[in-house]
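Student: First the structure, then my questions, so here it is.
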Amino acid sequence: MFLAKVIGNVVATQKSPEFNGMKLLLIQPYINKDKVLVASGSSIVAVDSQFKYGPKIVAEQKIGSINVKGSIVGTKSTRVTIAVGGEVNVAFGENELVLGNLNVGGRVEYTNVLAGWDDISDPSNADAQIGTVHVGGDWVASNLTAGAKPGANGWGTPTKITGGIDDAKTISKIGSVTIDGQIIGDPAGPEDFGFIAEEVGAFTVDGLSIPLKAGNGNDLIAVGSTFDTTIDEIP
Numbered sequence: 606m607f608l609a610k611v612i613g614n615v616v617a618t619q620k621s622p623e624f625n626g627m628k629l630l631l632i633q634p635y636i637n638k639d640k641v642l643v644a645s646g647s648s649i650v651a652v653d654s655q656f657k658y659g660p661k662i663v664a665e666q667k668i669g670s671i672n673v674k675g676s677i678v679g680t681k682s683t684r685v686t687i688a689v690g691g692e693v694n695v696a697f698g699e700n701e702l703v704l705g706n707l708n709v710g711g712r713v714e715y716t717n718v719l720a721g722w723d724d725i726s727d728p729s730n731a732d733a734q735i736g737t738v739h740v741g742g743d744w745v746a747s748n749l750t751a752g753a754k755p756g757a758n759g760w761g762t763p764t765k766i767t768g769g770i771d772d773a774k775t776i777s778k779i780g781s782v783t784i785d786g787q788i789i790g791d792p793a794g795p796e797d798f799g800f801i802a803e804e805v806g807a808f809t810v811d812g813l814s815i816p817l818k819a820g821n822g823n824d825l826i827a828v829g830s831t832f833d834t835t836i837d838e839i840p
């Protein structure tokens with residue numbers, strides 16, 4: 606991975622089929638030279654997969670806080686993705702809190718927040734934790750997950766991330782969730798949605814505190830008006 610600046614678009618009269626629906630960009634690579642970013646080498650053509658799969662924020666290590674004054678809004682076909690903490694390993698003395706805070710002034714819609722993922726297709730850290738989440742508006746057809754991946758029926762049947770980082774003494778957590786508005790799924794289906802980790806510390810929606818059992822792996826509670834969203838503490 607390297608840093609680059611978009612300097613133009615590329616128009617192709619014909620594309621390889623795997624690039625259909627994606628934009629081609631002309632980019633200029635940059636390097637850090639004495640703490641100053643400078644252009645390095647020739648410009649190259651890059652594929653903008655976000656144009657097809659939706660906008661995303663990806664951090665292999667940690668993000669302290671994400672603060673959004675407005676709303677985070679994707680669509681059913683192009684979700685917004687926040688993927689963070691896939692490479693944080695407590696066995697090396699690293700803190701498992703990979704996303705400290707997520708604060709959104711407005712609503713969150715068609716968005717996946719995935720702690721313990723390197724990217725939209727790479728779940729790799731079963732120990733990932735999220736601190737506090739506050740949303741000023743509604744939570745719509747979205748997922749908030751730590752250390753989890755979709756199961757056979759998507760996020761309605763999640764499982765713990767396997768095959769990557771998994772310390773026996775550490776569990777995935779979401780510290781607290783506060784949603785000032787309502788939780789709304791997608792009545793048209795067929796997806797289910799969730800707030801998913803081995804332990805969820807506290808949960809408030811529309812001013813109502815949802816009672817949760819102490820400890821991990823013992824809560825499965827439907828929330829919201831469409832009956833397709835759950836607080837799910839995976840075993």
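Letter by letter, the sequence shown follows residues 606 to 840 in our numbering.
Built from N, CA and C at the ideal position, the CB exists for glycine as well.
Please read all numbers here as calculations on a predicted model, not as lab measurements.
Do the segment 815-833 and the segment 791-806 make contact, defined as three or more Cβ pairs closer than 8 Å?
Tutor: With a cut-off of 8 Å, the segment 791-806 and the segment 815-833 count as touching, because enough Cβ pairs lie within range.
Student: Do you know whose CA, among Gly679, Ile776, Val652, Ala688, lies nearest Ile668's CA?
Tutor: To locate residue 668, count along the sequence shown from 1; it is residue 63. When each option's Cα is compared against that of Ile668, the closest is Ala688.
Student: Taking C-beta to C-beta, are Ala802 and Ser777 nearer than 7 Å?
Tutor: Indexing the sequence shown from 1 puts residue 802 at position 197. Indexing the sequence shown from 1 puts residue 777 at position 172. A contact, by the Cβ cut-off of 7 Å.
Student: What span of residues does the beta strand (DSSP E) with Gly736 cover, start to end?
Tutor: Residue 736 sits at position 131 when you count from the first residue of the sequence shown. Where Gly736 is concerned, the enclosing beta strand (DSSP E) stretches over 734-740.
Student: Ignoring anything shorter than 3 residues or poking outside the segment 613-669, list the beta strand (DSSP E) runs there in chain order.
Tutor: 628-638, 641-644, 649-653, 661-664
Student: In the segment 744-768, which residue ranges form an unbroken beta strand (DSSP E) of at least 3 residues, counting only runs that do not cross its ends?
Tutor: 748-751, 753-756, 759-765
Student: Helix, strand or coil for Ala819? Go by DSSP, reduced to three states.
Tutor: Against the sequence shown, residue 819 aligns to sequence position 214. The answer is coil: DSSP assigns Ala819 none of H, G, I, E or B.
Student: Under 7 Å between the Cβ atoms of Glu838 and Val810?
Tutor: The residue labelled residue 838 in the question sits at position 233 within the sequence shown. The residue labelled residue 810 in the question sits at position 205 within the sequence shown. Their beta carbons are not under 7 Å apart, which means Glu838 does not touch Val810 by this criterion.
Student: Buried or exposed: where does Ala751 fall if 16 or more other Cβ atoms within 10 Å of its Cβ makes it buried?
Tutor: Within the sequence shown, numbered from 1, the residue matching residue 751 stands at position 146. It counts as buried.
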